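What follows is a set of notes on a single structure, which appears directly below.
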Amino acid sequence: MKHLLSMCDLPKDDIYAILDMAESFQKGNGWSPPKATFAVNLFFEPSTRTRTSFEVAERKLGLDVVPFETAHSSILKGETLEDTIKTLEAIGVDVVVIRHKEERYYEALKDRVNAKLINAGDGCGQHPTQSLLDLYTIRQEFGGFSGLNITIIGDLSHSRVAKSNSEALSALGANVFYSGPREWFFGDAENYIDIDHAMEISDVVMLLRIQHERHENTSRLTAEEYHELYGLTLKREKRMKKGSIIMHPGPVNRDVEIAGRLVECNRSRIFRQMQNGVYTRMAVLRKILEK
Ligand code: NCD
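The opening position of the sequence shown corresponds to residue 916 in the working numbering, with each subsequent residue numbered one higher.
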């Protein structure tokens, strides 16, 4: 595996290999690259979880993390992303983690750079490491994917998390349903279900933040209206299936897509997802660095 850019080009065998490696890291097994390895994290969009999770994963594997602030880089002087990466490569960087607002920014780079690229989110496109940590969390809970009902709710068309998970979960045998405002639907209409029905049938209820930064117009709904119509309210949680779980990639807007009190409830795996993100990113780094 040279780069990790999208769940669309990650074969099932590689997905399972990464999940197994993540499990091995969680059990306390270690691994370090055979030679000194340098990583840099280029985040052109805000991030709390993904960026720190990558950094902790890199440090746990013994990689040297080169500090890089995109807001103070030569990109502000007109240097292209490709030239920035080639510069980092020349200086000795082996792995470059990138988050960028432009969808598929990586297409222009993937065959032109020697460093290994990991996509940490491209606009409304893909977010493969979030998907892998979500898959890890689901497998940890249910032992597998086949036959599980998973409903992804909210701002689907602008969400790279929805796109990556939809692709991967369907390939692994889960039944993926969608719910939320119609104007944000994507893909086939046949899998769209009413949110109240979703509560009754879903093993996993996955909520998404409204991606205001990717909208051209402001929402027609207030936060309170959105919560009542499409959010996981306290009332709706009571109707969820026995043994079902709540997931959310974060950042959470409490009382919009999910009632604030449910973020830490028994069904919530939101903080577990963050813990699992470190093991999963360690596994991705290992997979990409191992010959
Ligand atoms: C997500 C992202 O950046 O796509 N967050 C994350 O990486 N955990 C979701 C979001 O921003 O809503």
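Cβ coordinates follow ideal geometry from the N, Cα and C atoms, glycine included. These figures come from a predicted structure and were not determined experimentally.
Annotation for ARG1196: SER968, PHE969, ALA972 and THR1044 place their beta carbon closer than 6 angstroms to its own, counting only its chain and skipping 5 residues before and after.
Inclusion of GLN1045 in the 6 angstroms shell around the ligand NCD follows from its C-beta lying nearer than that to a non-hydrogen atom of the ligand.
For ASN1080, the enclosing alpha helix (DSSP H) starts and ends at 1075–1086.
Taking C-alpha positions only, THR952 is separated from VAL1199 by approximately 15 angstroms.
Counting along the chain, the unbroken beta strand (DSSP E) around ASP1037 starts and ends at 1031–1037. Proximity of the segment 1185–1196 to the segment 1046–1063 meets the contact definition, three or more beta-carbon pairs being nearer than 8 angstroms. Here the alpha carbons of HIS1015 and PHE983 stand approximately 14 angstroms from one another. Assigned with DSSP and collapsed to three states, THR1066 falls in strand. Here VAL1193 carries a helix assignment [DSSP, helix/strand/coil]. Checking the 6 angstroms criterion, the Cβ of VAL1010 is out of range of every heavy atom belonging to the ligand NCD. Sequence-distant partners of ASP1070 (beyond 5 residues in either direction) whose C-beta falls short of 6 angstroms from its own C-beta, in its chain, are TRP1099, LEU1123, ILE1125 and GLN1126. Per DSSP, the unbroken beta strand (DSSP E) holding SER1094 starts and ends at 1090–1094.
Pairing ARG1169 with MET1114 gives a Cβ-Cβ distance that is not under 7 angstroms. One Cα belongs to ILE990, the other to HIS1073, and the distance between them is close to 26 angstroms. Across the set PHE1057, GLU1131 and MET1121, the C-alpha of MET1121 shows the shortest separation from the C-alpha of LYS1078. A straight line joining the alpha-carbon of GLU1139 with that of LYS1150 spans about 15 angstroms.
The segment 941–957 and the segment 1057–1070 do not touch, with fewer than 3 CB-CB distances between them shorter than 8 angstroms.
By the criterion of a C-beta distance shorter than 7 angstroms, ASN1106 is surrounded in its chain by VAL1091, PHE1092 and TYR1093, once the five residues flanking it on both sides are discounted.
Distances taken from the Cβ of ARG964 to the heavy atoms of the ligand NCD include one shorter than 6 angstroms. Annotation for GLU1004: VAL1028, ASN1029 and ALA1030 place their beta carbon closer than 7 angstroms to its own, counting only its chain and skipping 5 residues before and after. In this structure, HIS918 keeps its C-beta atom at 7 angstroms or more from the C-beta atom of LEU1087. Spatial neighbours of ARG1019 in its own chain (CB-CB distance under 7 angstroms, excluding positions within 5 residues in sequence) are listed in chain order as ASP1037 and GLY1040.
Pairing SER1046 with HIS987, the inter-Cα distance amounts to about 30 angstroms. Between the alpha carbons of LEU1147 and HIS1163 lies a distance of about 11 angstroms.
Scanning its chain for C-beta atoms nearer than 8 angstroms, with the 5 sequence neighbours on each side dropped, one finds around THR985 the residues LEU957, PHE958 and PHE959, in chain order. With a threshold of 16 other beta carbon atoms within 10 Å, THR1137 falls short and is exposed. Around the Cβ of ARG1176, a 10 Å sphere holds fewer than 16 other Cβ atoms; the residue is exposed.
Counting along the chain, ARG1054 sits inside the alpha helix (DSSP H) bounded by residues 1043–1057. For SER1061, the closest C-alpha among the options ASP1118, VAL1008 and GLU1143 is that of ASP1118.
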